[in-house]
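Participant: For the sequence shown, the numbering used here begins at 28 and goes up steadily by one. By construction, the Cβ of each residue, glycine as well, lies at the ideal position given by its N, Cα and C atoms. Source: prediction; values computed, not measured. First the structure, which I've put down as structure tokens, then a few questions once you've had a look.
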Amino acid sequence: MRLVILDNYDLASEWAAKYICNRIIQFRPGQDRYFTLGLPTGSTPLGCYKKLIEYHKNGDLSFKYVKTFNMDEYVGLPRNHPESYHSYMWNNFFKHIDIDPNNAHILDGNATDLQAECDAFEKKIKEAGGIDLFVGGIGPDGHIAFNEPGSSLVSRTRLKTLAMDTILANAKYFDGDLSKVPTMALTVGVGTVMDAREVMILITGAHKAFALYKAIEEGVNHMWTVSAFQQHPRTIFVCDEDATLELRVKTVKYFKGCQTWDNLTLTFTNLITPLIIRSRLVMILMPVEIFMDLEKLGINFDHIWQKTLTVLNPMKPADGSIMNETDLTGPILFCMALGATLLLAGKVQFGYVYGMSAIGCLGIHALLNLMSSSGVSYGCVASVLGYCLLPMVILSSCAIFFSLQGTFGTVSALVIIGWCSLSASKIFTSALAMEGQQLLIAYPCALLYGLFALVTVF
Numbered sequence: 028m029r030l031v032i033l034d035n036y037d038l039a040s041e042w043a044a045k046y047i048c049n050r051i052i053q054f055r056p057g058q059d060r061y062f063t064l065g066l067p068t069g070s071t072p073l074g075c076y077k078k079l080i081e082y083h084k085n086g087d088l089s090f091k092y093v094k095t096f097n098m099d100e101y102v103g104l105p106r107n108h109p110e111s112y113h114s115y116m117w118n119n120f121f122k123h124i125d126i127d128p129n130n131a132h133i134l135d136g137n138a139t140d141l142q143a144e145c146d147a148f149e150k151k152i153k154e155a156g157g158i159d160l161f162v163g164g165i166g167p168d169g170h171i172a173f174n175e176p177g178s179s180l181v182s183r184t185r186l187k188t189l190a191m192d193t194i195l196a197n198a199k200y201f202d203g204d205l206s207k208v209p210t211m212a213l214t215v216g217v218g219t220v221m222d223a224r225e226v227m228i229l230i231t232g233a234h235k236a237f238a239l240y241k242a243i244e245e246g247v248n249h250m251w252t253v254s255a256f257q258q259h260p261r262t263i264f265v266c267d268e269d270a271t272l273e274l275r276v277k278t279v280k281y282f283k284g285c286q287t288w289d290n291l292t293l294t295f296t297n298l299i300t301p302l303i304i305r306s307r308l309v310m311i312l313m314p315v316e317i318f319m320d321l322e323k324l325g326i327n328f329d330h331i332w333q334k335t336l337t338v339l340n341p342m343k344p345a346d347g348s349i350m351n352e353t354d355l356t357g358p359i360l361f362c363m364a365l366g367a368t369l370l371l372a373g374k375v376q377f378g379y380v381y382g383m384s385a386i387g388c389l390g391i392h393a394l395l396n397l398m399s400s401s402g403v404s405y406g407c408v409a410s411v412l413g414y415c416l417l418p419m420v421i422l423s424s425c426a427i428f429f430s431l432q433g434t435f436g437t438v439s440a441l442v443i444i445g446w447c448s449l450s451a452s453k454i455f456t457s458a459l460a461m462e463g464q465q466l467l468i469a470y471p472c473a474l475l476y477g478l479f480a481l482v483t484v485f
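Below you can see the structure in the form of structure tokens.
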């Protein structure tokens with residue numbers, strides 16, 4: 028869980044928009060590879076939407092290969108009604124960008140069979156490969172979408188009767204006439220949002236300060252549905268100063284400290300761009316042009332760190348989506364590190380390292396394409412095998428300080444070969460849905476890493 032605190036609503040909106048923009052760019056969507064985005068309505072995300080429209084019009088961002096799924100919709104309100112969420116999204120966002128209307132999914136509150144509509148919505152999300160980033164907002168009572176206090180924390184998309192507090196709060200959009208406010212709505216469930224690979228929740232204003240307190244400082248509670256996201260592995264709460272008024276001083280100081288640490292090293296501009304380093308979110312101050320160039324090159328420190336952690340713990344199951352965003356930055360770094368440590372150990376083997384890497388990737392790429400029905404790209408194979416060189420780098424680092432030629436070196440080499448092979452085969456079987464074939468994949472990987480071990484030891 029991460030908390031990003033900005034001075035005001037405008038800066039919070041800008042930060043959130045840049046984060047979404049960067050995530051889409053990092054993903055590198057294409058005709059057969061769509062980025063899937065969950066979106067909210069209400070007053071909070073309007074500033075974020077305006078910034079995203081600005082980035083699109085400036086030519087920095089395209090939604091051509093983006094699919095969106097909205098959180099909710101009123102039941103019984105005509106689609107063209109000015110207060111329907113369909114009208115909200117098209118008037119405030121969709122009509123200003125290049126998204127394909129067929130890729131903008133909003134629940135139909137006028138469907139003949141409302142439960143079938145909810146089930147179909149869940150099915151569409153699954154067919155799209157799940158949500159990559161779900162953006163949400165909350166109410167003063169901590170509800171997300173229309174998952175009001177008391178909602179199940181594992182709920183799915185469904186029909187909900189609205190609480191009187193919600194009806195009273197929404198009356199301002201219907202000329203203050205309670206009789207015009209819909210009393211029912213279709214909404215994604217808390218479990219639906221929790222299934223997203225990443226969740227970003229926008230919380231601004233003093234009237235939501237207590238909800239933020241309940242969301243991050245108190246325990247998980249179905250009476251404050253937003254608190255469920257404490258348990259999500261990648262949740263970011265983006266808020267302004269006013270929203271932190273109920274938080275403990277040390278909580279605010281801690282998260283601001285995470286931001287300040289990097290501000291001290293990079294203070295040459297006032298443009299805020301988000302970057303994730305290890306398990307914390309910090310604020311990096313850098314020119315947008317430089318950041319965009321890094322993103323286009325595929326340099327993402329968060330991805331490098333997450334994949335490195337997967338390799339370091341070969342016994343932990345790999346996330347099946349870990350290779351959705353293939354990058355070669357980490358593998359190149361580890362390949363260079365292996366060559367450098369071998370050089371320091373007195374083994375001038377740079378050519379061997381690069382040659383074996385290229386040939387090994389070609390061989391395993393061909394093998395996996397024969398074994399997998401879905402196929403796999405050469406870049407994906409090179410990325411996995413390169414990340415799994417990390418244990419070999421550790422072995423070659425040891426060779427700098429003492430000889431590995433002996434029983435200890437042999438045993439160490441065998442352990443490292445097993446480590447590399449287990450990590451690589453684990454990621455391949457998870458990413459390519461090849462359950463039950465890990466040993467078949469591990470064998471050729473062990474042969475490749477065995478060659479690296481021979482170069483390292485002898």
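Taking all protein chains shown into account, do 16 or more other C-beta atoms lie within 10 angstroms of the C-beta of phenylalanine 90, making it buried, or fewer, making it exposed?
Facilitator: Here residue 90 refers to the residue found at position 63 of the sequence shown. Buried is the call here.
Participant: Below 8 Å, how does it come out for the segment 251-269 and the segment 188-200: are there three or more Cβ pairs, yes or no?
Facilitator: With a cut-off of 8 Å, the segment 188-200 and the segment 251-269 do not count as touching, because too few Cβ pairs lie within range.
Participant: By how many angstroms is the C-alpha of glycine 74 removed from the C-alpha of aspartate 37?
Facilitator: Along the sequence shown, one-based indexing puts residue 37 at 10. Along the sequence shown, one-based indexing puts residue 74 at 47. For aspartate 37 and glycine 74, the distance between alpha carbons rounds to 7 Å.
Participant: Thinking just about the alpha-carbon of each residue, which of Gly218, Gln142, Gly164 and Lys150 is nearest to the one in serine 178?
Facilitator: Here residue 178 refers to the residue found at position 151 when the sequence shown is read from its first residue. That would be Gly218, whose Cα lies nearest to the Cα of serine 178.
Participant: Among the candidates Leu416, Lys334, Gln432 and Gly433, whose CA atom is the shortest distance from the CA of alanine 473?
Facilitator: Walking along the sequence shown from the start, residue 473 turns up at place 446. For the residues Leu416, Lys334, Gln432 and Gly433, the minimum Cα distance to alanine 473 belongs to Leu416.
Participant: From the DSSP output, which residues share a beta bridge with alanine 131?
Facilitator: Mapped onto the sequence shown, residue 131 falls at position 104. Thr95, per the DSSP bridge assignment.
Participant: Please go through the same chain and pick out, in chain order, the residues whose beta-carbon is closer than 6 Å to the beta-carbon of glutamine 432, but skip the five residues on each side of it.
Facilitator: As a working note, residue 432 is residue 405 in the sequence shown. There are no such residues.
Participant: So, are the CB atoms of proline 56 and tyrosine 92 less than 7 Å apart?
Facilitator: The residue labelled residue 56 in the question sits at position 29 within the sequence shown. The residue labelled residue 92 in the question sits at position 65 within the sequence shown. Contact: yes.
Participant: Ignoring anything shorter than 4 residues or poking outside the segment 130-166, list the alpha helix (DSSP H) runs there in chain order.
Facilitator: Here the runs fully enclosed are 141-154.
Participant: How many angstroms separate the CA atom of serine 21 from the CA atom of valine 380?
Facilitator: Lying outside 28 to 485, the shown extent of the chain, residue 21 is not represented and no answer is given.
Participant: Where tryptophan 251 and tyrosine 405 are concerned, what is the direct C-alpha to C-alpha distance, given to the nearest angstrom?
Facilitator: In the sequence shown, the residue the question calls residue 251 occupies position 224. In the sequence shown, the residue the question calls residue 405 occupies position 378. Each residue's Cα considered, the two are about 46 Å apart.
Participant: Here's a check: name, in chain order, each residue in its chain whose Cβ is nearer than 6 Å to the Cβ of valine 208, leaving out the five neighbours to either side.
Facilitator: In the sequence shown, residue 208 corresponds to position 181, counting from 1. Cβ within range, chain order: Ile194, Asn197, Ala198 and Phe201.
Participant: Leaving aside the five residues before and after tyrosine 476 along the sequence, list all residues of the same chain whose C-beta is less than 7 Å from its C-beta, in chain order.
Facilitator: The residue given as residue 476 occupies position 449 in the sequence shown. Result list for tyrosine 476: Met419, Ile444, Cys447 and Ser448, in chain order.
Participant: Can you tell me which of the three DSSP states valine 276 falls into?
Facilitator: To locate residue 276, count along the sequence shown from 1; it is residue 249. The answer is helix: DSSP assigns valine 276 an H, G or I state.
Participant: Output the boundary residues of the beta strand (DSSP E) element that contains isoleucine 32.
Facilitator: As a working mapping, residue 32 is identified with position 5 in the sequence shown. Isoleucine 32 -> beta strand (DSSP E) spans 29-33.
Participant: In its own chain, which residues sit with a C-beta less than 8 Å from the C-beta of aspartate 320, not counting the 5 before and 5 after it?
Facilitator: Here the question's residue 320 lines up with position 293 in the sequence shown. Summary for aspartate 320: the model assigns pLDDT 47, below 50, so the residue's position carries little reliability; its value from the coordinates is reported in the next sentence. Hits under 8 Å: none found.
Participant: With contact counted as at least three CB pairs below 8 Å, one residue from each stretch, are the segment 123-130 and the segment 163-172 in contact?
Facilitator: Cβ pair count under 8 Å is below three, so no.
Participant: Which term fits glycine 357, buried or exposed, when burial requires 16 or more other beta carbons within 10 angstroms of its beta carbon?
Facilitator: As a first step, residue 357 must be located in the sequence shown, where it is residue number 330. With 16 or more other Cβ atoms within 10 Å, it is buried.
Participant: If I measure Cβ to Cβ from methionine 227 and keep anything under 7 Å in the same chain, skipping five residues before and after, which residues do I get?
Facilitator: Looking up residue 227 in the sequence shown gives position 200. Here the set comprises Ala43, Tyr46, Leu160, Val162, Ile263 and Val265.
Participant: For threonine 68, which residues from the same chain have a beta carbon less than 6 Å from its beta carbon, with the 5 sequence-adjacent residues on both sides left out?
Facilitator: For the purposes of this step, residue 68 is identified with residue 41 of the sequence shown, where counting begins at 1. Tyr112 and Tyr115, listed in sequence order.
Participant: Would you report the Cα separation of leucine 336 and asparagine 118, rounded to the nearest angstrom?
Facilitator: Position 309 of the sequence shown, counted from the start, is the residue given in the question as residue 336. Position 91 of the sequence shown, counted from the start, is the residue given in the question as residue 118. Spanning the two alpha carbons is a distance of roughly 43 Å.
Participant: Would you mind sorting methionine 191 into buried or exposed? The rule is 16 or more other CB atoms within 10 Å of its CB.
Facilitator: Position 164 of the sequence shown holds residue 191. It is exposed - the Cβ of methionine 191 has fewer than 16 other Cβ atoms within 10 Å.
Participant: According to DSSP, is aspartate 267 helix, strand or coil?
Facilitator: On the sequence shown, position 240 is the one that residue 267 refers to. In the structure shown, aspartate 267 sits in a strand (DSSP, three-state: E or B).
Participant: Any idea if valine 403 is buried or exposed, counting beta-carbon neighbours within 10 angstroms, 16 or more meaning buried?
Facilitator: Position 376 of the sequence shown, counted from the start, is the residue given in the question as residue 403. By the neighbour-count rule (16 or more Cβ atoms within 10 Å), valine 403 is buried.
Participant: Suppose you measure from the CA of valine 220 to the CA of leucine 412; what does that come to, to the nearest Å?
Facilitator: Position 193 of the sequence shown, counted from the start, is the residue given in the question as residue 220. Position 385 of the sequence shown, counted from the start, is the residue given in the question as residue 412. Roughly 32 Å separates the two Cα atoms.
Participant: Quick check: the Cα distance between tryptophan 332 and asparagine 340, rounded to an integer number of angstroms?
Facilitator: Along the sequence shown, read from residue 1 onward, the residue named residue 332 stands at position 305. Along the sequence shown, read from residue 1 onward, the residue named residue 340 stands at position 313. So the two alpha carbons sit approximately 13 Å from each other.
Participant: Going by other Cβ atoms of all chains shown within 10 Å of its Cβ, with 16 needed for buried, is lysine 280 buried or exposed?
Facilitator: Counting from 1 along the sequence shown, the entry for residue 280 is found at position 253. Its Cβ having fewer than 16 others within 10 Å, lysine 280 is exposed.
Participant: Measure from the alpha carbon of tyrosine 414 to the alpha carbon of each residue in Ser384, Ala155 and Leu395, then state which is nearest.
Facilitator: Sequence index remark: in the sequence shown, residue 414 carries index 387 (1-based). If we check each option's Cα against that of tyrosine 414, Ser384 comes out closest.
Participant: With a threshold of 8 Å on Cβ separation, who are the neighbours of methionine 238 within its own chain once the five nearest residues in sequence on each side are excluded?
Facilitator: Here residue 238 is taken as the residue at index 211 of the sequence shown, counted from 1. Checking the sequence shown, residue 238 turns out to be alanine, not methionine. Closer than 8 Å at Cβ, skipping near neighbours: Ile165, Gly166, Pro167, Asp168, Gly169, Ile230, Trp251 and Val253.
Participant: If you run the structure through DSSP and keep just helix, strand and coil, what is alanine 172?
Facilitator: As a working note, residue 172 is residue 145 in the sequence shown. The answer is coil: DSSP assigns alanine 172 none of H, G, I, E or B.
Participant: Quick one: what's got a C-beta closer than 7 Å to asparagine 174's C-beta in the same chain, skipping five residues either side?
Facilitator: The sequence position of residue 174 within the sequence shown is 147, counting from 1. Around asparagine 174: Ser182, Thr214, Gly216, Val217 and Thr252.
Participant: Give me the residue from Val408, Ser399 and Leu397 with the minimum Cα distance to leucine 389.
Facilitator: Position 362 of the sequence shown, counted from the first residue, corresponds to residue 389. Closest option to leucine 389, Cα to Cα, is Val408.
Participant: Pop quiz: leucine 459 and leucine 355 are said to be a contact at Cβ under 8 Å. What is the actual Cβ separation, rounded to whole angstroms?
Facilitator: Start at 1 with the first residue of the sequence shown, and residue 459 comes out as number 432. Start at 1 with the first residue of the sequence shown, and residue 355 comes out as number 328. About 18 Å separates the two Cβ atoms, so there is no contact after all.
Participant: Within 10 Å of its beta-carbon, does arginine 275 have 16 or more other beta-carbons around it, so buried, or fewer, so exposed?
Facilitator: To locate residue 275, count along the sequence shown from 1; it is residue 248. Arginine 275 is exposed by the Cβ-count criterion.
Participant: What separation, rounded to the nearest whole angstrom, lies between the Cα atoms of isoleucine 391 and proline 471?
Facilitator: Walking along the sequence shown from the start, residue 391 turns up at place 364. Walking along the sequence shown from the start, residue 471 turns up at place 444. For isoleucine 391 and proline 471, the distance between alpha carbons rounds to 7 Å.
Participant: Apart from the five residues just before and just after alanine 451, which ones in its own chain have a Cβ nearer than 7 Å to its Cβ?
Facilitator: Counted from its first residue, the sequence shown places residue 451 at position 424. Only Val411, Leu412, Cys415 and Cys472 meet the Cβ criterion.
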